[in-house]
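The opening residue of the sequence shown carries number 380 in this note's numbering; numbering runs sequentially from there.
Heads up, the beta-carbon is just placed ideally off N, CA and C, and yes, glycines get one too.
From a predicted model like this one, the values you see are computed outputs, not experimental measurements.
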Amino acid sequence: MLTKDRLRLVGRRLVQVAPVIVLATFVVFGLQQLVPGDIAVTLAGDNATDARIAEIRKLYGLDRPFLVQYGTWLWDALHGDLGRSLLSGEEVLQSILRRFPISLLIVCCALLLSLAIGIPLGILAATRPGSRIDGFVTSIASLGVALPNFWLAMLLVATFALNWNFFPATGAVPLSAGVGKALLHAALPSIALAAGGVAEVARQLRSSLVEVLSSQYVRTLHAKGLSPTAILWKHGLKNVSVNLLTVIGLIFNRLLGATVVIEAVFAIPGIGSMVVHAAIHKDFPVIQGVVLALVMIVIGLNLLIDVLYTVFDPRVGRR
């Protein structure tokens, strides 16, 4: 339920959204101008005359000052027009809407795997600090952080797709084509993405939970006769829920960025491969559109987490 405190919190966050969006898109727009090469020359083709190149620059507005170009793009974006791809001519917004569900499926599966494996490991280690189990979980977590996603992805493809033929090696299928088939294609990319997430959840949850379980009030609960299980589930996990929400938000954002590499390994036609192709061919409207979409998603997720903070800790909304 959205109380006055929560509405006030949402309002404050929304006020901060506009500067963040403008800054992020402005920086990316500026960096694009520093990329070597001229997209007008690419579009003109081989043996194009200077007049033809100048005509293309004028056609796409590439001959206008930087601030004018950015201002025009921002104004159109505010009206829902992200422009068209310089290479394919397709509307950028339509391309994003077509490709993004594939990437989102992989990210969500990876996040669920991270939580489903990382939370039990973190609890197991926190309830037995200093034991062999704690050392084993800590070692697994350190290994998960150290493993590069692309290396693990190639290992999974070689083992489970090429050698054993358990999963498809490349490509992706939307949910509309069948849930089972879509999850089958998303399995290996999700596992490759989830390795770091599992490690991060396990490490952060163990650290927070050990601190809570060793606190004075928990010792008081033990003295009152509460069972260790009741203390863990009713008091321990409740007190670390805010930290866990923060970790979940950070992991989701990290997974969203890591799809660029994973989609390249598995040849997945998602938003990551889309932005890589656009960057290679200097398709600036596509890059700007993808950046704006990702910024909006990250901001929306952070706003949701801020609201959930007030659910688990009502003091947050009153600050």
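C-beta atoms of residue i and residue j nearer than 7 angstroms
i, j, result
"Val677", "Ala532", "no"
"Asn528", "Val640", "yes"
"Leu635", "Val399", "no"
"Gly668", "Leu466", "no"
"Ala573", "Ser493", "yes"
"Arg585", "Ala505", "yes"
"Leu567", "Leu535", "yes"
"Ala489", "Ser569", "yes"
"Ser464", "Val654", "no"
"Arg387", "Asp685", "no"
"Gly557", "Leu592", "no"
"Leu705", "Thr404", "The chain is shown only over 380 to 698; residue 705 falls outside these bounds and no answer can be derived."
"Tyr503", "Ile512", "The amino acid at residue 503 is misidentified as Tyr; the sequence shows Leu. Yes, Cβ-Cβ distance for Leu503 and Ile512 is below 7 angstroms."
"Val577", "Gly497", "yes"
"Ala427", "Leu441", "no"
"Thr375", "Gly651", "Because the chain here runs from 380 to 698, residue 375 falls outside it and cannot be looked at."
"Gly663", "Gln473", "In the sequence as displayed, the identity of residue 663 is Phe instead of Gly. No. Outside cutoff."
CB contact check: residue i to chain D, cutoff 7 angstroms
i, result
"Leu453", "Annotation note: the requested chain D is absent from the structure, which comprises a single protein chain."
Three-state secondary structure assigned by DSSP to residue i
i, result
"Glu579", "helix"
"Glu469", "coil"
"Arg463", "strand"
"Pro480", "helix"
"Thr538", "helix"
"Gly497", "helix"
"Gly550", "coil"
"Pro398", "helix"
"Phe405", "helix"
"Arg392", "helix"
"Arg507", "coil"
Cβ-based neighbour list, residue i, same chain, cut-off 6 angstroms, excluding 5 preceding and 5 following
i, result
"Leu687", "Leu624"
"Ala423", "Arg431, Ile432 and Ile435"
"Ser587", "Val619 and Asn622"
"Ala484", "Note on identity: in this sequence residue 484 is Leu, with Ala being the wrong assignment. Counting only Cβ-Cβ distances below 6 angstroms, and skipping sequence neighbours, we find Ala565."
"Ala540", "Phe546 and Ala548"
"Pro508", "Val589"
"Asp455", "none"
Start and end residues, alpha helix (DSSP H) containing residue i
i, result
"Asn528", "Asn528 to Leu535"
"Thr517", "Arg511 to Ala525"
"Ala658", "Ile650 to Ile659"
"Pro664", "Phe663 to Phe691"
"Arg633", "Ser620 to Phe645"
Residues of its chain near residue i, where Cβ-Cβ distance is below 8 angstroms and the 5 sequence neighbours each way are ignored
i, result
"Thr421", "His660 and Lys661"
"Gly501", "Val516, Val580, Ala581, Arg582, Gln583, Leu584, Arg585 and Leu588"
"Val469", "Reading the sequence as shown, one finds Glu at residue 469 and not Val. These residues qualify, in order along the chain: Arg463."
"Asn632", "Val677 and Leu680"
"Lys617", "Phe691"
Own chain residues within Cβ distance below 7 angstroms of residue i, not counting five before or after
i, result
"Ala646", "Thr549 and Gly550"
"Pro648", "Arg478, Ile481 and Ala551"
"Gly679", "none"
"Val396", "Ile678"
"Tyr439", "Leu465"
"Ala571", "Asn528, Leu531, Ala532, Leu535 and Ile641"
"Pro553", "Pro480, Ile481 and Ala561"
Any non-hydrogen atom of the ligand FAD within 6 angstroms of residue i CB
i, result
"Pro547", "As for the ligand FAD, it is missing from this structure, which has no ligand bound."
* In chain order, which continuous runs of the alpha helix (DSSP H) of length 4 or greater are located wholly inside the region 552–614? -> 558–592, 595–602 and 607–610
* To do: Ignoring anything shorter than 3 residues or poking outside the region 410–454, list the beta strand (DSSP E) runs there in chain order.
  => none
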